[in-house]
Every structure is written in structure tokens, then in C-alpha cells.
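Participant: Structure provided below as C-alpha cells; questions to follow.
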Amino acid sequence: LVMPHIARMLVGPNFDRLLPASMLLGAAYLLGVDTLVRTMSQVETPLGILTAFVGAPFFLWLLARGRHGWE
Numbered sequence: 482l483v484m485p486h487i488a489r490m491l492v493g494p495n496f497d498r499l500l501p502a503s504m505l506l507g508a509a510y511l512l513g514v515d516t517l518v519r520t521m522s523q524v525e526t527p528l529g530i531l532t533a534f535v536g537a538p539f540f541l542w543l544l545a546r547g548r549h550g551w552e
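In my numbering, the protein residues as written are 482 to 552.
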């Protein structure tokens, strides 16, 4: 859920560019997190736990930023 918001910040609200950017960012992020976890840990850790560590602070930052829109 974080990557579409980041993609919108990068490419703007145009859905012709937003959808591919969201897909690519999401895939790259999950691939990176999965690779990082598999190389650093002996125990298989669910990706949801690690993505929550990044996603929760990001959404709190979005809420704290206020309702200024996507300008």
C-alpha cells in the first residue's frame, strides 16, 4: 500500500504513468525486501512483518503531513 503513494509523489496523478510506476516500485520493493531477509536471516521471516515496519511510519507521516492534496 505504500508504493502507490510513493509512485504518485514521483510521477503525479496521471494514471497512464501511475499504474506502471506503482507496479514496478511495488515489485522492486518486495523483491529487495525478500532478498535482504533471505540473505540476512537463517529463519524465514514473513514479508508482511518487514513491510509493516516501513509502511506504518510512512502512513503516519502521511497523516501528520495533513490534507494538502497531491499538488
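Quick reminder that beta carbons are idealized off the backbone N, C-alpha and C, glycines included.
#1: To the nearest angstrom, how far is it from the Cα of Leu500 to the Cα of Pro485?
#2: By Cβ distance below 7 angstroms, which residues in the same chain neighbour Leu491 in space, the five residues on each side in sequence not counted?
#3: Using a Cβ-Cβ cut-off of 8 angstroms, state whether Ser503 counts as contacting chain C.
#4: What's the call for Ala545, buried or exposed, on a 16-neighbour Cβ count within 10 Å?
#5: Which residues in the same chain have their Cβ closer than 7 angstroms to the Cβ of Met521, if we skip the five residues on either side of it in sequence?
Facilitator: Result, derived from the coordinates:
#1: Your numbering for residue 500 matches position 19 in the sequence shown. Your numbering for residue 485 matches position 4 in the sequence shown. Between Leu500 and Pro485, the C-alpha separation is close to 8 angstroms.
#2: The sequence position of residue 491 within the sequence shown is 10, counting from 1. By the criterion of a C-beta distance shorter than 7 angstroms, Leu491 is surrounded in its chain by Ala502, once the five residues flanking it on both sides are discounted.
#3: Among the chains of the structure shown, chain C does not appear; only one protein chain is present.
#4: Stepping through the sequence shown from its first residue, residue 545 is reached at position 64. By the neighbour-count rule (16 or more Cβ atoms within 10 Å), Ala545 is not buried but exposed.
#5: On the sequence shown, position 40 is the one that residue 521 refers to. Short of 7 angstroms from the beta carbon of Met521, and not among the five residues preceding or following it, lies no beta carbon of its own chain.
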